[in-house]
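Notes to accompany the following structure.
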Amino acid sequence: MNLLLDTNVLLWWFADSPRLNDDARYMITASPVIYVSAATTWEIEIKRALGKLKAPADLEAALSESHFATLAITVAHSIAAAKLPRHHDDPFDRMLIAQAKIEALTLMTGDLRLMDYRAGIQLI
7 MNLLLDTNVL LWWFADSPRL NDDARYMITA SPVIYVSAAT TWEIEIKRAL
57 GKLKAPADLE AALSESHFAT LAITVAHSIA AAKLPRHHDD PFDRMLIAQA
107 KIEALTLMTG DLRLMDYRAG IQLI
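Residue numbers (this note's numbering): 7 to 130.
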């Protein structure tokens with residue numbers, strides 16, 4: 007199973023946070039490919055600039071050191087995100103849902119509000 011990490015999961019990974027349980031850590035280390043969306047890095051950099059969170063200073067290097075693959079945002083992704091039901095208005099999360107669906111990825115998240123989108127995608 008290939009995973010797509012939500013922003014919260016990625017930040018917990020980098021911080022070695024106890025909020026990321028042992029099962030989740032195992033899944034990340036055992037998955038053949040772990041993807042991080044450009045939407046996630048965009049969200050992190052915006053919130054870092056606003057002083058709302060801490061993240062690795064060189065996010066690109068941190069992703070590379072963790073052997074995470076990056077996932078670009080395509081036109082198909084943006085159209086799919088716009089067509090999603092309005093369960094959730096966070097544009098970054100909506101993009102991750104669309105990417106997980108189109109790319110057949112399992113989205114790992116700590117955001118229970120995303121469970122409303124579980125039809126058509128795999129969520130952990």
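The C-beta atom is built at its ideal place from N, Cα and C for all residues, glycine as well.
None of these values were measured; they are calculated from a predicted model.
(request) Find out if the Cβ-Cβ distance for the pair Leu10, Leu113 is shorter than 9 Å. (result) Numbered from 1 along the sequence shown, position 4 holds the residue referred to as residue 10. Numbered from 1 along the sequence shown, position 107 holds the residue referred to as residue 113. In contact: Leu10 and Leu113 (Cβ atoms closer than 9 Å).
(message) Quick check on DSSP: helix, strand or coil for Ile40?
(response) Locating residue 40 in the sequence shown gives position 34, counting from the first residue. In the structure shown, Ile40 falls within a strand segment according to DSSP collapsed to helix, strand and coil.
(message) Here's the rule: buried if 16 or more other CB atoms are within 10 angstroms of the residue's CB, otherwise exposed. What is Glu49?
(response) Here residue 49 refers to the residue found at position 43 of the sequence shown. Classification for Glu49: buried.
(request) Starting from Thr80, follow the beta strand (DSSP E) in both directions and report where the run begins and ends. (result) For the purposes of this step, residue 80 is taken as the residue at position 74 of the sequence shown. Where Thr80 is concerned, there is no enclosing beta strand (DSSP E), given that its DSSP letter is neither H nor E.
(message) I need the straight-line Cα distance from Ala36 to Asp99, nearest angstrom please.
(response) For the purposes of this step, residue 36 is taken as the residue at position 30 of the sequence shown. For the purposes of this step, residue 99 is taken as the residue at position 93 of the sequence shown. Near 24 Å, if we compare the C-alpha coordinates of Asp99 and Ala36.
(request) Would you mind reading off the limits of the alpha helix (DSSP H) that contains Thr13? (result) Reading the sequence shown from its first residue, position 7 is the one you call residue 13. It spans Thr13 to Ala21 - the alpha helix (DSSP H) in which Thr13 sits, taken as one unbroken run.
(request) Could you tell me if Thr115 is buried or exposed, where buried requires 16 or more neighbouring beta carbons within 10 angstroms of its beta carbon? (result) Along the sequence shown, one-based indexing puts residue 115 at 109. Around the CB of Thr115, 16 or more other CB atoms lie within 10 Å, so the residue is classed as buried.
(message) Just verifying my parser: in three-state terms, what is the DSSP assignment at Ala61?
(response) One-based indexing of the sequence shown puts residue 61 at position 55. Reduced to three states, the DSSP call for Ala61 is coil.
(message) According to DSSP, simplified to helix, strand and coil, what is Thr112?
(response) Within the sequence shown, residue 112 is the residue found at index 106, counting from 1. If DSSP states are grouped into helix, strand and coil, Thr112 belongs with the strands.
(message) Checking 9 Å against the spacing of the C-beta atoms, do Leu102 and Ala45 come in under that value?
(response) Residue numbering aside, residue 102 sits at position 96 when the sequence shown is read from its first letter. Residue numbering aside, residue 45 sits at position 39 when the sequence shown is read from its first letter. A Cβ-Cβ contact shorter than 9 Å links Leu102 with Ala45.
(message) For Trp18 and Ile79, what's the separation of their Cα atoms in angstroms?
(response) Taking the sequence shown and counting its residues from 1, the one referred to as residue 18 is at position 12. Taking the sequence shown and counting its residues from 1, the one referred to as residue 79 is at position 73. Approximately 23 Å, taken between the alpha carbons.
(message) Per DSSP, what are the beta-bridge partners of Gln128 in this structure?
(response) Position 122 of the sequence shown, counted from the first residue, corresponds to residue 128. Beta-bridge pairing links Gln128 to Thr112.
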